[in-house]
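Engineer: Could you have a look at this structure, given as structure tokens, before my questions?
2 protein chains.
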Amino acid sequence: MRIGVVAPARTVSSESSLRLAAFMALIYPDHDIVFHPQCYLEEGHFAGSDAVRAAAFLEFANDPAFDAIWFARGGYGSNRILDTVMPQLNAAAGRKTYMGFSDMGFLLGALYARRIGRPVHASMASSLGKNDTGEAAGWALGWLIDKDRRALEPSLADGRPAAAFNLAILTTMIGTPWLPDLTDHVLMIEEVDEPLYRIDRMLFQMAHATQLKGIAGVRLGAVTSVVDNGNDFGETIEQIITRWCRDMKVPYLGRAEIGHVELNRVVPFGVA
Amino acid sequence: MRIGVVAPARTVSSESSLRLAAFMALIYPDHDIVFHPQCYLEEGHFAGSDAVRAAAFLEFANDPAFDAIWFARGGYGSNRILDTVMPQLNAAAGRKTYMGFSDMGFLLGALYARRIGRPVHASMASSLGKNDTGEAAGWALGWLIDKDRRALEPSLADGRPAAAFNLAILTTMIGTPWLPDLTDHVLMIEEVDEPLYRIDRMLFQMAHATQLKGIAGVRLGAVTSVVDNGNDFGETIEQIITRWCRDMKVPYLGRAEIGHVELNRVVPFGVA
């Protein structure tokens, strides 16, 4: 298998690609991973201009020599290339798996909406040895290369279609043509670096979104590095999610093993 | 004129109501301002529970003895009473003016969507002597009581319909039944306490929102207390708003004198 890595949001260091190449050589010597040089660019907030990031993504996604695209890093920016890349994806792009999470939810969601390829919530290509000990990246590769179902988020065993998003990214797609139809899907959400009042505000939008009315239920992933609210919000995160699910009239199905944590399990969009 | 003050989001101090009462006695001795006792409550993040805040708003809004509702303070929470209050407003509520901004945009927007009363973007009742020197609160009362058109945001002189929102509140309403139809309106937005990458992300949602496709143009209010982006974002706020308006294919009409600043001008929703 040949895996291409691009960075539609922020730049990555060459050390992180070397770490991953070493990991691949050790564990998956028969498989290739290729970091696009665009990954190391830096222009303002981003790994190169919007045009450069879009071109790198299109180059690898449209190349039949690659079996999968693994996104390098999140941090904000993949939304800015949607307009350019989505209409230009070819048949080879439609046969690929796309892996990543957090800000990459913009691309995964837009691909899923257009039935292009196989979008998969999983750890990033640059996270190995940085945000995790290799466990999450290992699960991502284990699922991608070996189809190891132990990598999957455990609740997927029930066979229902699912999708996973960072809550801020999900809510930013609401009301736009980029949000996929998630009717009858279990929706898993995770969040990082937000105070509770903002999480509550985002859940309000999720619960009231016309486009999300038909979802099967909600699971809550890790909510980490919660920012000080300036006061005691008055509810725990479990009370908050339970209340909004009640408002939304969908079942709260419990926790999910996803998020900005070491154990960020794999959630293929649709039926796993 | 009799003005009722309620706090659908966070609590206010009794000093702020005393300051405003003193200001009224001095400048508008023939007019009454009444703070609902709910304003001083505190429960978790909010000025009382959702049920208590909803009841206070309904009590004053539905009371024919009041001519206007002036919101006390923002800070998050007015979205949580929309479901309860909107279906219960009566004919007396339909004859009132509603003044506030920031988090109160949830109520102003929902009222405007339902053609209930006159929603007006203006400073809060508790801001006198705190966030401003009285100038903005003075303009709010000058417009409300004396119909002093000098209080209006200057660009409203062109006679086009307009609406003004905090950007975070506007984008949270996108895709929900609370966002009013703003076709042919000039949309004014302001923001506070956000890093540039998040402002960019919110403008992405505004620019791509299906519901906002028909707006006449965008004006940018004050963008204040900008949070450090962690890097040089690479664009100024003027470059950012210009780019997104180009993407949205609507004219960027320049700045607006609104925001979390001393001079926060009055923007009645619709034609002023």
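If you read the sequences in order, they're chains A and B. Last residue of the first sequence: 272 (the UniProt record's numbering), numbering continuous. Last residue of the second sequence: 272 (the UniProt record's numbering), numbering continuous. A virtual CB, placed ideally from N, CA and C, is assigned to each residue, including glycine.
Are Trp178(A) and Ala125(A) close, meaning C-beta to C-beta below 7 Å?
Structural biologist: Numbered from its first residue, the first sequence carries residue 178(A) at position 178. Numbered from its first residue, the first sequence carries residue 125(A) at position 125. Not a contact, by the Cβ cut-off of 7 Å.
Engineer: Should Glu239(A) be labelled buried (16 or more other beta-carbon atoms within 10 Å of its own) or exposed?
Structural biologist: Walking along the first sequence from the start, residue 239(A) turns up at place 239. The sequence as given places Gln at residue 239(A); Glu does not occur at that position. Counting Cβ neighbours within 10 Å, Gln239(A) comes out exposed, since fewer than 16 surround it.
Engineer: With distances taken Cα to Cα, identify the nearest neighbour of Gly100(B) among Met248(B), Gly270(B), Ser78(B) and Asp63(B).
Structural biologist: Residue mapping note: residue 100(B) aligns to position 100 of the second sequence, counting from 1. With distances taken between Cα atoms, Gly100(B) lies closest to Ser78(B).
Engineer: Is the Cβ of Ile174(B) closer than 7 Å to any Cβ of chain A?
Structural biologist: For this step, residue 174(B) is matched to residue 174 along the second sequence. Cβ-Cβ to chain A under 7 Å: yes for Ile174(B).
Engineer: Does DSSP classify Asp228(A) as helix, strand or coil?
Structural biologist: Position 228 of the first sequence, counted from the start, is the residue given in the question as residue 228(A). The answer is coil: DSSP assigns Asp228(A) none of H, G, I, E or B.
Engineer: If contact means a Cβ-Cβ distance below 9 Å, which residues of the segment 174-203 of chain B contact chain A?
Structural biologist: Against chain A - using a Cβ distance shorter than 9 Å - the residues of the segment 174-203 of chain B are Ile174, Gly175, Thr176, Pro177, Trp178, Leu179, Leu196, Tyr197, Arg198, Asp200, Arg201 and Met202.
Engineer: Measure the alpha-carbon distance for Val223(A) versus Gly74(A) and round it to whole angstroms.
Structural biologist: To locate residue 223(A), count along the first sequence from 1; it is residue 223. To locate residue 74(A), count along the first sequence from 1; it is residue 74. Cα-Cα distance, rounded: 17 Å.
Engineer: List the residues of chain B that Thr210(A) touches, going by C-beta distances under 9 Å, in chain order.
Structural biologist: As a first step, residue 210(A) must be located in the first sequence, where it is residue number 210. Near Thr210(A) (Cβ distances below 9 Å), the residues of chain B are Gly175, Thr176 and Pro177.
Engineer: Is the segment 173-193 of chain B touching the segment 210-226 of chain B in the sense that three or more CB pairs, one from each, lie closer than 8 Å?
Structural biologist: The segment 210-226 of chain B is in contact with the segment 173-193 of chain B.
Engineer: Between which two residues does the beta strand (DSSP E) carrying Phe71(A) extend?
Structural biologist: For this step, residue 71(A) is matched to residue 71 along the first sequence. Element bounds for Phe71(A): Ala68 to Phe71.
Engineer: List the residues of chain B whose Cβ lies closer than 9 Å to the Cβ of His45(A), in chain order.
Structural biologist: By 1-based counting over the first sequence, the position of residue 45(A) is 45. Those are Leu196, Tyr197, Asp200, Asn229, Gly230, Asn231, Asp232, Phe233, Gly234 and Glu235, listed as they occur along chain B.
Engineer: Drop a sphere of 10 angstroms on the beta-carbon of Pro154(B), count the other beta-carbons inside from all chains shown, and report buried for 16 or more, exposed for fewer.
Structural biologist: Taking the second sequence and counting its residues from 1, the one referred to as residue 154(B) is at position 154. By the 10 Å Cβ count, Pro154(B) comes out exposed.
Engineer: With distances taken Cα to Cα, identify the nearest neighbour of Leu58(B) among Leu89(B), Glu42(B) and Phe66(B).
Structural biologist: As a working mapping, residue 58(B) is identified with position 58 in the second sequence. When each option's Cα is compared against that of Leu58(B), the closest is Leu89(B).
Engineer: How is Val34(B) classed by DSSP in three states: helix, strand or coil?
Structural biologist: Counting from one through the second sequence, the residue named residue 34(B) turns up at place 34. Strand, per DSSP.
Engineer: Locate the beta strand (DSSP E) running through Leu253(A), then write down its first and last residues.
Structural biologist: For the purposes of this step, residue 253(A) is taken as residue 253 along the first sequence, with counting starting at 1. Counting along the chain, the beta strand (DSSP E) containing Leu253(A) begins and ends at Tyr252 to Arg255.
Engineer: Between which two residues does the alpha helix (DSSP H) holding Glu238(A) run?
Structural biologist: Along the first sequence, read from residue 1 onward, the residue named residue 238(A) stands at position 238. Unbroken alpha helix (DSSP H) run through Glu238(A): Ile237 to Met248.
Engineer: Between the C-alpha atoms of Ala163(B) and Pro180(B), what's the straight-line distance to the nearest angstrom?
Structural biologist: As a working mapping, residue 163(B) is identified with position 163 in the second sequence. As a working mapping, residue 180(B) is identified with position 180 in the second sequence. Distance between the alpha carbons of Ala163(B) and Pro180(B) is about 10 Å.
Engineer: Taking the alpha carbon of Arg10(A) as the point to measure from, which residue in Ser16(A), Cys39(A) and Ala151(A) has its own alpha carbon closest?
Structural biologist: Translated into the one-based positions of the first sequence, residue 10(A) becomes position 10. Comparing Cα positions, the closest option is Cys39(A).
Engineer: When you compare only the Cα positions, how much space is there between Ile241(B) and Asp232(B)?
Structural biologist: If you number the second sequence from 1, residue 241(B) lands on position 241. If you number the second sequence from 1, residue 232(B) lands on position 232. Those two C-alpha atoms are separated by around 17 Å.
Engineer: What span of residues does the alpha helix (DSSP H) with Arg149(A) cover, start to end?
Structural biologist: One-based indexing of the first sequence puts residue 149(A) at position 149. Where Arg149(A) is concerned, there is no enclosing alpha helix (DSSP H), given that its DSSP letter is neither H nor E.
Engineer: Hey, how far is the Cα of Gly159(B) from the Cα of Ala140(B)?
Structural biologist: Residue numbering aside, residue 159(B) sits at position 159 when the second sequence is read from its first letter. Residue numbering aside, residue 140(B) sits at position 140 when the second sequence is read from its first letter. Approximately 19 Å between the Cα atoms of the pair.
Engineer: Out of Val192(A), Leu156(A) and Ala151(A), which has the shortest C-alpha to C-alpha gap to Val226(A)?
Structural biologist: To locate residue 226(A), count along the first sequence from 1; it is residue 226. Comparing Cα-Cα distances from Val226(A) to each of Val192(A), Leu156(A) and Ala151(A), the minimum goes to Val192(A).
Engineer: Nearest chain B C-beta to Tyr112(A) closer than 7 Å, yes or no?
Structural biologist: What you label residue 112(A) is simply residue 112 of the first sequence in a count that begins at 1. So, not an interface residue.
Engineer: Using a C-beta to C-beta distance shorter than 9 Å, which residues of chain A count as neighbours of Gln239(B)?
Structural biologist: In the second sequence, counting from the first residue as 1, residue 239(B) sits at position 239. Those within 9 Å of Gln239(B) in chain A number zero; the least Cβ separation is about 10 Å.
Engineer: Give the list of continuous beta strand (DSSP E) stretches no shorter than 3 residues that lie fully inside the UniProt domain "LD-carboxypeptidase N-terminal" (3-114) of chain B.
Structural biologist: As far as the UniProt domain "LD-carboxypeptidase N-terminal" (3-114) of chain B is concerned, its whole beta strand (DSSP E) runs of at least 3 residues are 32-35, 68-71 and 97-100.
Engineer: Using the beta-carbon of each residue, which ones in chain A are nearer than 9 Å to Asn166(B)?
Structural biologist: Counting from 1 along the second sequence, the entry for residue 166(B) is found at position 166. The contacting residues do not exist; Asn166(B) stays about 12 Å from chain A at best.
Engineer: Can you list, in chain order, the residues of its chain whose CB lies under 6 Å from that of Ala209(B), leaving out five sequence neighbours each side?
Structural biologist: On the second sequence, residue 209(B) is found 209 positions in, with the first residue counted as 1. Excluding sequence neighbours, Ala209(B) sits near Ile174.
Engineer: Taking 7 Å as the CB-CB limit, is Tyr76(B) close to chain A?
Structural biologist: Residue 76(B) sits at position 76 when you count from the first residue of the second sequence. So, interface residue.
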